[in-house]
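Let me begin by presenting the structure, written as structure tokens, before commenting on it.
There are 2 protein chains.
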Amino acid sequence: MPEFFHVLTPSDAWQRLRSHYRPLPRPETVPTAAALDRVLAADLIAPHDLPQFPRSTVDGYAVRARDTFGASPGLPAFLDVVGEVPMGAAATVTIRTGQAAIVHTGGMLPEGADAVVMVEHTQKADEGSIEVLAPVAVGENVIQVGEDVRQGDRLLAAGHHLRPQDIGGLLALGITTVAVAQPPRVGILSTGDEVIPPDQTPGPGQVRDINSYTLAALTRRAGGEPVLFGILPDRRDALEAGVRRAFAECDIVVLSAGSSVSYRDMSVEVIAGLGQPGILAHGISIRPGKPTIVAVAGGKPVFGLPGNPVSAMVLFELFVTPAIRLALGADPQATVRPQVQARLARQVNSAAGREDYIPVRLEERNGELWAVPVFGKSNLIYTLVRAEGVVRIPLDSLGLEQGATVTVTLYE
Amino acid sequence: MPEFFHVLTPSDAWQRLRSHYRPLPRPETVPTAAALDRVLAADLIAPHDLPQFPRSTVDGYAVRARDTFGASPGLPAFLDVVGEVPMGAAATVTIRTGQAAIVHTGGMLPEGADAVVMVEHTQKADEGSIEVLAPVAVGENVIQVGEDVRQGDRLLAAGHHLRPQDIGGLLALGITTVAVAQPPRVGILSTGDEVIPPDQTPGPGQVRDINSYTLAALTRRAGGEPVLFGILPDRRDALEAGVRRAFAECDIVVLSAGSSVSYRDMSVEVIAGLGQPGILAHGISIRPGKPTIVAVAGGKPVFGLPGNPVSAMVLFELFVTPAIRLALGADPQATVRPQVQARLARQVNSAAGREDYIPVRLEERNGELWAVPVFGKSNLIYTLVRAEGVVRIPLDSLGLEQGATVTVTLYE
Chain W
1 MPEFFHVLTP
11 SDAWQRLRSH
21 YRPLPRPETV
31 PTAAALDRVL
41 AADLIAPHDL
51 PQFPRSTVDG
61 YAVRARDTFG
71 ASPGLPAFLD
81 VVGEVPMGAA
91 ATVTIRTGQA
101 AIVHTGGMLP
111 EGADAVVMVE
121 HTQKADEGSI
131 EVLAPVAVGE
141 NVIQVGEDVR
151 QGDRLLAAGH
161 HLRPQDIGGL
171 LALGITTVAV
181 AQPPRVGILS
191 TGDEVIPPDQ
201 TPGPGQVRDI
211 NSYTLAALTR
221 RAGGEPVLFG
231 ILPDRRDALE
241 AGVRRAFAEC
251 DIVVLSAGSS
261 VSYRDMSVEV
271 IAGLGQPGIL
281 AHGISIRPGK
291 PTIVAVAGGK
301 PVFGLPGNPV
311 SAMVLFELFV
321 TPAIRLALGA
331 DPQATVRPQV
341 QARLARQVNS
351 AAGREDYIPV
361 RLEERNGELW
371 AVPVFGKSNL
381 IYTLVRAEGV
391 VRIPLDSLGL
401 EQGATVTVTL
411 YE
Chain X
1 MPEFFHVLTP
11 SDAWQRLRSH
21 YRPLPRPETV
31 PTAAALDRVL
41 AADLIAPHDL
51 PQFPRSTVDG
61 YAVRARDTFG
71 ASPGLPAFLD
81 VVGEVPMGAA
91 ATVTIRTGQA
101 AIVHTGGMLP
111 EGADAVVMVE
121 HTQKADEGSI
131 EVLAPVAVGE
141 NVIQVGEDVR
151 QGDRLLAAGH
161 HLRPQDIGGL
171 LALGITTVAV
181 AQPPRVGILS
191 TGDEVIPPDQ
201 TPGPGQVRDI
211 NSYTLAALTR
221 RAGGEPVLFG
231 ILPDRRDALE
241 AGVRRAFAEC
251 DIVVLSAGSS
261 VSYRDMSVEV
271 IAGLGQPGIL
281 AHGISIRPGK
291 PTIVAVAGGK
301 PVFGLPGNPV
311 SAMVLFELFV
321 TPAIRLALGA
331 DPQATVRPQV
341 QARLARQVNS
351 AAGREDYIPV
361 RLEERNGELW
371 AVPVFGKSNL
381 IYTLVRAEGV
391 VRIPLDSLGL
401 EQGATVTVTL
411 YE
């Protein structure tokens, strides 16, 4: 093993990465209507009150509340109907004592009125007047100016991930463009003399590239822009040239390395040569995925992931996804993934000082949800295809008993 | 109210919709590498075994297992090293009794060999031979032909939502294009004389369109293609023309209707005139969102959602999202949304026979997660912007006590 070999726990490795990687998100301006799932690059402040005029929340009559006090079916309040508030225009009528105006849901409250009586609580007295059968309080059935948002309120903070309702909320205030973080470019390299592109037919001893495409898809999920640099042969000069090109062109580099020891050593040397502080972890106390390299050079994270697909995916989600979120200015750990509770269908062993990630599928048995470990060597991509989620066994656990309740993080 | 007014429970309304809406997904072929989050239109079958040759999972020596039986550091097995398996090529050497060949992780097992000894369990005896210090069983450290997938296996079923690992798994088998369901076109119409486009400045009594954009974003999330038909004025002829155009051009129509009674009645008439079977539910026993129309005409679902943003969003997720998933051929109810358990920060009342949806934000208090209801009239879009999720109160419940444990479905 090279001299700088040091195995860290996942959380120590992340802390070391975090302390050396402090990216500044790069803002770009996009139409708000097209900003779903983007991350805000700056706080947004309300440019005006919402609503900008008092609005009725019901169909009925705008009134002065005190005119209705004590009204009941036996003793209704009589009010003169002096007009109707048109939709989408100012209420021109003014309500004085003893008067009312027809108003529709969403319509503007006319001057002088301070409440709305629902039409269901009224009946026509004659052509120009109504009986009010129940009292309303001041402000009843009215949304006040600024009740939704006040001018100057902070609407959403930098780093916020835009959801459907946020898009609507911003457009309601006329915020038709927003500054969001540019997706970081994530350079992805696969390696191995045995690896060929998926559109080619493997000869004896050859296999098609899996990781470039799985990791590109995970990059998109995390909010990054994958840039594929193809398959590098197992030669130091080719590896170095490929990694340096990705390092120059991208914000984050992910090398899905060949699995042989000689190849891993070569990756370590190439990554170590990229710059300071260099390799932060060489080996993570995790299964699968121990032979992982975490490095930062010249302010950019560089990851050497194991070549087998299960390890590569587990490690990507633990390190690269949060790094992409950091680059976006978002909370790195807030990646909400659906989880369910289930009972473990069979005993799983672990070792103290090692985190284990067990792919599982879910089965309902007598109304109970069971997590069935999908065993398979971590070289098998279909272990993950057959899995519906993953169970984590913590560092200090020696394993889990059959029937134990576990949290399954779902693969969506 | 029009004669066909009938209020249904959310589940009865869905069942009625389901019984009249049996869409056939329309397939289109796309590159597998670009098919993330698409829904498969047909089952996929493995065209060949994976792997196609027996592979070593470690760095070491390919051997005949029986030659190592009983080997130990005190009594090692001596084997002649007769060659090295090159990566990415056929193993040309044949292993006979007493022989071994160098093999790297992922390399092909040579003929005659049936196991691999890890390099760590060997030491060099002299230039051309090794000592094996521990026995291996037949098949040890080897992935057999077809161990990942067998030719003819069903890999993934029609209706499956493609995840990152699925993309990798398909490309591993040379499946470089896939038939996926075309996104259904979802026509979205907003209405109201008071509603103006977001890039305009509201005059007195006017408000900007929120729902078109929130519902378009929700449509994308569900896998549909939103088609915006703009804002319709509150006139029967304009409404009818707009709805008919959307109905002709789209697979699903969503009308976010003005909230006044006269306007709702007009929507009902227009929707009822589109075709058979027509309106299936007019009114859903839910809060917010009661004045909702669910219809099917000529095989297409048509929804009239309440105009206020909170209702529109709750109802969209309950009815339109599953309808879009049906159109994709996916399981309509399998929309996995992250959920967390939390304690309710204050009492919430409901009524028997009505489902309530309460927007909440989450707060950690002394290590416990609390769901704090975001109260606000359902006309307020920022009720949803401030919310981190929603709590459902079932039909038969009269409400929930303060401190009750609730499931919060998170807004991602």
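So the protein sequences, as listed, match chains W and X. Using this note's numbering, read the first sequence as starting at 1 and increasing by one per residue. Using this note's numbering, read the second sequence as starting at 1 and increasing by one per residue. All C-beta atoms in this analysis are idealised placements derived from N, C-alpha and C, irrespective of residue type, glycine included.
Given a cut-off of 8 Å, decide if residue j and residue i are closer than it, judged by their beta-carbon atoms.
i      : j      : result
X:L326 : X:V302 : no
W:V149 : W:T32  : no
W:V348 : W:V390 : no
W:A323 : W:A158 : no
X:P332 : W:L218 : no
X:L44  : X:L189 : no
X:R343 : X:A404 : yes
X:G107 : W:G205 : yes
X:V340 : W:G169 : no
W:Y357 : W:V314 : yes
X:S256 : X:L239 : no
X:I252 : X:V186 : yes
W:D209 : W:V195 : yes
X:A100 : X:V136 : no
Starting from the C-beta of residue i, find all residues in its chain whose C-beta is less than 8 Å away, skip the five residues before and the five after it, and write them out in chain order.
i      : result
X:D396 : A352 and G353
W:L133 : A71, S72, P73, P76, H121, T122 and Q123
Could you list which residues in chain X have their beta carbon closer than 8 Å to that of residue i, in chain order?
i      : result
W:N349 : Result: empty, since nearest Cβ-Cβ is about 19 Å, beyond 8 Å.
W:V30  : The premise fails here: W:V30 is roughly 14 Å from chain X at the closest Cβ pair, so nothing lies under 8 Å.
W:I210 : G168, G169, L171 and A172
W:Q144 : By Cβ distance, chain X contributes nothing, its closest Cβ being about 10 Å from W:Q144, past 8 Å.
Return the CA-CA distance between residue i and residue j, expressed in angstroms with no decimal places.
i      : j      : result
X:Y411 : W:M87  : 33 Å
W:P373 : W:Q402 : 11 Å
W:A414 : W:V294 : Within the shown structure, residues of chain W are numbered from 1 to 412, placing residue 414 of chain W beyond reach of any answer.
X:L24  : W:N211 : 34 Å
W:T292 : W:G224 : 21 Å
X:G174 : X:G146 : 15 Å
X:I143 : W:P288 : 17 Å
X:T105 : X:Q151 : 24 Å
X:L162 : W:R38  : 22 Å
W:I102 : W:D67  : 16 Å
X:V85  : W:V261 : 15 Å
W:F69  : X:E249 : 53 Å
W:L232 : X:E111 : 28 Å
W:L362 : X:R18  : 26 Å
X:P51  : W:V207 : 8 Å
X:A172 : W:A312 : 15 Å
X:R55  : W:L380 : 11 Å
X:V406 : X:R365 : 16 Å
W:V81  : W:G98  : 9 Å
X:F53  : X:I95  : 16 Å
W:V243 : X:T57  : 25 Å
X:D265 : X:R22  : 28 Å
Hey, is residue i close to the ligand ZN, as in C-beta under 7 Å from one of its heavy atoms?
i     : result
X:H48 : Of the ligands one can find in the structure shown there are none, so the ligand ZN has no counterpart to examine.
Within a Cβ cutoff of 6 Å, which residues of the same chain sit near residue i, ignoring the five residues on either side of it in sequence?
i      : result
W:A272 : G278 and I279
W:H20  : P277 and V296
X:M1   : In this prediction, X:M1 scores a pLDDT of 39, lower than 50, which makes its location untrustworthy; the coordinate-derived value is nonetheless stated afterwards. None.
In chain X, which residues lie less than 9 Å from residue i when you measure between Cβ atoms?
i      : result
W:D237 : Neighbours of W:D237 on chain X: none; closest Cβ ~17 Å, over 9 Å.
W:V149 : L380, I381, Y382 and V385
Chain W partners of residue i, CB-CB under 9 Å?
i      : result
X:Q418 : In the structure as shown, chain X starts at 1 and stops at 412, and residue 418 of chain X therefore has no counterpart that could be examined.
Taking Cβ-Cβ distances shorter than 7 Å, what residues in chain X pair up with residue i?
i     : result
W:A65 : Chain X residues near W:A65: none, gap ~18 Å exceeds 7 Å.
W:A89 : P204 and G205
W:Y21 : Those do not exist, as W:Y21 stays about 23 Å from chain X at its closest Cβ, beyond 7 Å.
Residues in the same chain with beta-carbon distance under 7 Å from residue i, minus the five sequence neighbours each way, listed in chain order, please.
i      : result
W:G139 : D114 and A115
Check the Cβ of residue i against every Cβ in chain W and list those closer than 7 Å, keeping chain order.
i     : result
X:L36 : A217 and R220
* To do: Taking a Cβ distance cut-off of 7 Å, strictly less, list which residues of the stretch 73 to 86 of chain W are near chain X, in chain order.
  => none
* Using a beta-carbon distance cut-off of less than 9 Å, what residues from the stretch 353 to 367 of chain X approach chain W? -> Cβ contacts with chain W come from no residue of the stretch 353 to 367 of chain X.
* **Members of the stretch 367 to 401 of chain W that neighbour chain X once the beta carbon cut-off is set at 7 Å** => K377, N379, L380, I381, Y382, L384 and V385
* Going along the stretch 94 to 122 of chain X in order, which residues come within less than 8 Å of chain W, judged by CB to CB distance? -> H104, T105, G106, G107, M108 and V119
* Asked: When you check each C-beta in the stretch 167 to 197 of chain X against every C-beta of chain W, which residues fall closer than 7 Å?
  -> Answer in chain order: I167, G168, G169, L171, A172, G174, T176, G192, D193 and E194.
* To do: Taking only beta carbons into account, state which residues of the stretch 126 to 140 of chain W come closer than 8 Å to chain X, listed in chain order.
  => none
* To do: Taking only beta carbons into account, state which residues of the stretch 3 to 18 of chain X come closer than 8 Å to chain W, listed in chain order.
  => Of all residues in the stretch 3 to 18 of chain X, none comes within less than 8 Å of chain W when Cβ atoms are compared.
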